[in-house]
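In numbering that gives the first Met the number 0, the protein residues as written are 0 to 296.
Only one structure is covered here, and it is reproduced in the block below.
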Amino acid sequence: MTQTLLVTGASGQLGRGVINHLLDTFKVPAGRIIATTRNPENLAELAARGVITRAADFDDTLSLEAAFKGADRVLIISTGEIDLLHGKRLRQHQNAVAAAKKAGVSHLLYTSMPNPEPVSPVLFANDHYGTEQAIKASGIPYTIFRNGWYQENLFLSLPHAIASGKWYTSAGDGRMAHGARDDMAAAIAAGLVAASSESETYTLTGPQAYTTAEIAALVSEVTGKPLDVVQVPDEALTEGVKAAGVPEDFARIIVSFDANTRSGRIAMVTDAVETLSGRKSKTLKQFLEANKAALAG
Ligand SMILES: NC(=O)c1ccc[n+]([C@@H]2O[C@H](COP(=O)([O-])OP(=O)(O)OC[C@H]3O[C@@H](n4cnc5c(N)ncnc54)[C@H](OP(=O)(O)O)[C@@H]3O)[C@@H](O)[C@H]2O)c1
Numbered sequence: 000m001t002q003t004l005l006v007t008g009a010s011g012q013l014g015r016g017v018i019n020h021l022l023d024t025f026k027v028p029a030g031r032i033i034a035t036t037r038n039p040e041n042l043a044e045l046a047a048r049g050v051i052t053r054a055a056d057f058d059d060t061l062s063l064e065a066a067f068k069g070a071d072r073v074l075i076i077s078t079g080e081i082d083l084l085h086g087k088r089l090r091q092h093q094n095a096v097a098a099a100k101k102a103g104v105s106h107l108l109y110t111s112m113p114n115p116e117p118v119s120p121v122l123f124a125n126d127h128y129g130t131e132q133a134i135k136a137s138g139i140p141y142t143i144f145r146n147g148w149y150q151e152n153l154f155l156s157l158p159h160a161i162a163s164g165k166w167y168t169s170a171g172d173g174r175m176a177h178g179a180r181d182d183m184a185a186a187i188a189a190g191l192v193a194a195s196s197e198s199e200t201y202t203l204t205g206p207q208a209y210t211t212a213e214i215a216a217l218v219s220e221v222t223g224k225p226l227d228v229v230q231v232p233d234e235a236l237t238e239g240v241k242a243a244g245v246p247e248d249f250a251r252i253i254v255s256f257d258a259n260t261r262s263g264r265i266a267m268v269t270d271a272v273e274t275l276s277g278r279k280s281k282t283l284k285q286f287l288e289a290n291k292a293a294l295a296g
């Protein structure tokens, strides 16, 4: 019998992608998919396709337990509620793991980040590391997807950099293999439909790792606009990001990404996206070409 698959964060960009792949790529019957959100009206389109939609709030364990009832395989998509002082997101994820245990879920899947161990320079890494630990302690068989950074994240930095011709960074010669969010969604959907009950951890990346200077050269080639990389210390970058109007906590998080890149902790390239999804990964050049107008104005 087909298993019942549940996706949290179903209204988000990754969650929608995963559910679309379940329906359209893997032909999972809509009635075997449960999509959760805090506001089910956000999922009216999916409900119209026959997907079961349920309300679940990561701050409310009872709502999670009720939502997870009858689900065999549950994908917990990390929430976006980063809170450096109080660890709110880790508590939310721990609530979801505890609810999955109570609901008798047979397999738990989670979207983590590469190398989240406590030495990570990424300021929110502990949300992911702590969640991985909670999943392992629950005794439920699991699949952890350590998602590398999305190509789409470049929308946050590149438009301003291209407009000014200068890309300020503290990433040094560190490399990173940005991957397409939809490629990761396809790989995660494949993990959800898999019959396997083995516990596995996959690191999902794009197909090639580049330094910031190499990305800038690719951007110039695609857009025809010059882009100089300016290496600055973390402190100067933090001040620059704050001066651009970004709140202090978020500025510190952004700079911690560069420190992480510089440390080499996100330089890996894996073939997990292609192996799991069975399709070719989108290259960074393809992403830049497809989004040239939006990135370069
Ligand atoms: N690897 C990367 O480069 C990268 C980049 C950005 C984000 N991320 C991580 O990946 C996650 C998914 O990315 P995305 O682009 O799909 O994010 P998104 O579009 O912002 O969606 C986040 C989802 O989290 C749900 N959520 C937030 N707080 C919740 C709560 N208290 N209870 C229940 N649901 C809650 C939201 O659901 P409702 O509002 O419908 O309840 C929403 O569907 C993010 O949340 C973030 O942790 C990774």
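All residues carry an ideal CB built from backbone N, CA and C; glycine is no exception.
For Gln-230 and Gly-129, I'd like the C-alpha separation in whole angstroms.
Approximately 32 Å, taken between the alpha carbons.
Along the alpha helix (DSSP H) that carries Asp-23, what are the first and last residues, could you check?
Where Asp-23 is concerned, there is no enclosing alpha helix (DSSP H), given that its DSSP letter is neither H nor E.
Between the stretch 151-168 and the stretch 122-137, do at least 3 Cβ pairs fall closer than 8 Å?
no
How far does the alpha helix (DSSP H) with His-92 in it reach, from first residue to last?
87-102
Looking at Thr-36 and Ser-10, is the spacing between their C-beta atoms short of 8 Å?
yes
Thinking C-beta only, is Ala-136 closer than 8 Å to Ala-176?
No, they are not a contact pair.
Between the stretch 202-217 and the stretch 277-288, are three or more C-beta pairs nearer than 8 Å?
yes
In this structure, does DSSP put Met-112 in helix, strand or coil?
coil
Measuring only between beta-carbons, confirm whether Ala-184 sits less than 8 Å from chain B.
Any reference to chain B falls outside this structure, which holds one protein chain only.
Please report the straight-line C-alpha distance between Arg-72 and Arg-180, rounded to a whole angstrom.
21 Å
Do Ser-198 and Pro-113 have their beta-carbon atoms positioned less than 8 Å apart in this structure?
no
Quick check on the burial criterion: 16 or more other C-beta atoms within 10 angstroms. Buried or exposed for Asn-38?
exposed
Quick one: Cα of Ala-186 to Cα of Thr-274, how far?
8 Å
Bridge-paired residues (DSSP) for Glu-199:
Thr-142
Only counting runs of 3 or more residues, tell me where the beta strand (DSSP E) segments fall wholly within the stretch 166-252, in order along the chain.
199-203, 227-230
Where Arg-48 falls, given that 16 or more other Cβ within 10 Å makes a residue buried:
With fewer than 16 other Cβ atoms inside 10 Å of its own Cβ, Arg-48 counts as exposed.
Alpha carbon to alpha carbon, how far is Met-183 from Val-50?
21 Å
Considering just the uninterrupted stretch of the alpha helix (DSSP H) at Ile-75, what are its terminal residues?
Boundaries around Ile-75 are those of the beta strand (DSSP E), 72-75, since no alpha helix (DSSP H) includes it.
Straight-line CA distance for Asn-94 to Ser-77?
12 Å
Identity of the residues DSSP links to Val-272 by a beta bridge
Val-272 pairs with nothing; no bridge assigned.
Which residues bound the beta strand (DSSP E) around Leu-45?
Not the beta strand (DSSP E): Leu-45 falls in the alpha helix (DSSP H), residues 43-47.
Buried or exposed by the 16-neighbour rule on C-beta atoms within 10 Å, applied to Gly-147:
buried
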